[in-house]
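Using the numbering used here, read the sequence shown as starting at 2 and increasing by one per residue. Even glycine gets a Cβ: it sits at the ideal position worked out from N, Cα and C. All of these numbers come straight from a predicted model, not from anything done at the bench.
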Amino acid sequence: MLERPENELQFVTPRDPLPTIEIDINSIPEGSHGYSDLVTRALSSVAEKSIKLRATIYVYQGMSVNFHQQTWSAFFGVAGDKKLLDVLLNAFQSAKVRNVKLSDYITSSTATRDFHVQDGHVWRPIESGTWYTESQGEKNLEEDSISETDDLELDEEETNGEGCRISSPTRFRIARADASVGSICKKIEEVFGVPEGAVKLCDPEGRPLRRDAKIATLRRRWEQ
2 MLERPENELQ
12 FVTPRDPLPT
22 IEIDINSIPE
32 GSHGYSDLVT
42 RALSSVAEKS
52 IKLRATIYVY
62 QGMSVNFHQQ
72 TWSAFFGVAG
82 DKKLLDVLLN
92 AFQSAKVRNV
102 KLSDYITSST
112 ATRDFHVQDG
122 HVWRPIESGT
132 WYTESQGEKN
142 LEEDSISETD
152 DLELDEEETN
162 GEGCRISSPT
172 RFRIARADAS
182 VGSICKKIEE
192 VFGVPEGAVK
202 LCDPEGRPLR
212 RDAKIATLRR
222 RWEQ
């Protein structure tokens, strides 16, 4: 996994509302674990073939009746090459997402930047001010270049060579509100070396949130 500071990415900011692909989030097959990996794989297949392609995908989530029933939907708008709308539509249809269609327009001011295509990679936010890509082949950025206001410290046990345990502080960053639950779970799994899928973020009733839910949603549920 490679990380890059947000200010090093050249986001595309649209001047006009964006046409979208809408999906009913609850109609995504359970084995897909939400839409994030579906979108990433679809965009990666295009990005790898066109190093100069640059596009930013904005996502808005909200209630909808566009499928003739009330749904909780995600709307994907592409700022940049509009052919990526067809790429996303085909990816969702191939994944057997039951409710998917070309849909309403969204504005960047009401949506979040969730995916970005640049330099042949697909970038996703992982925490405040930092984006990551699963692609390999570039020099990783310094992981400790973080804002002091976002730092947390946690004691991590190590041995001192004589079998005695000692503690050394490990630095962590506070998750940004628009980061996905799935990306934060993945980061926790990597930091602590636990199996993929072992970490789940739950609401106060102990129910795991979907991996494509936002950290802001998690916080709101715990603050109620």
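The region 88-100 and the region 12-27 touch, with no fewer than 3 CB-CB distances between them shorter than 8 Å.
In the same chain as Gln94, and ignoring 5 residues on each side of it, the C-beta atoms closer than 7 Å to its own belong to Val101, in chain order. With a cut-off of 8 Å on Cβ pairs, the region 105-124 is in contact with the region 34-49, counting three or more such pairs. Ser184 and Val195 have their C-alpha atoms spaced approximately 15 Å apart. Non-local C-beta neighbours of Gly78 in its own chain, meaning closer than 6 Å and more than five positions away in sequence, comprise Leu19, Thr21, Tyr59, Ile107, ordered along the chain. Residue state for Arg125 is assigned as strand, using DSSP reduced to three classes.
DSSP, reduced to helix, strand and coil, places Thr108 outside both helices and strands of the structure shown, so it counts as coil.
Taken in chain order, the unbroken stretches of beta strand (DSSP E) that lie wholly in the region 2-55 and span 3 residues or more are 3-6, 19-25. Val182 is not a Cβ neighbour of Ile127, given a cutoff of 9 Å.
Ala217 sits in a helix when the DSSP states are folded into three classes.
Cβ neighbours of Tyr61 within its own chain (closer than 7 Å, five residues either side excluded): Phe76, Ile107, Thr111, Ala112. Here Ile29 is buried, its C-beta having at least 16 other C-beta atoms within 10 Å. Bridge pairing for Cys203: Pro209 [DSSP]. Beta-carbon to beta-carbon, Arg212 and Gly35 are separated by about 4 Å, close enough to satisfy the 8 Å threshold. Check the Cα spacing between Glu4 and each of Thr131, Arg222, Gly81, Ala56: the tightest is with Thr131. As the crow flies, the alpha-carbon of Lys187 is around 8 Å from that of Gly198.
When beta bridges are read from the DSSP output, Trp73 appears opposite Met64. In the DSSP assignment, the residues bridged to Ile58 are Val79, Phe116. Its Cα nearest to that of Ala214, the residue Asp179 stands out among Gly207, Leu54, Phe68, Asp179.
For Val195, no alpha helix (DSSP H) segment is defined, and its DSSP state is neither H nor E. When beta bridges are read from the DSSP output, Lys102 appears opposite Glu23.
Val66 counts as exposed, since fewer than 16 other C-beta atoms from the protein chains shown sit within 10 angstroms of its C-beta.
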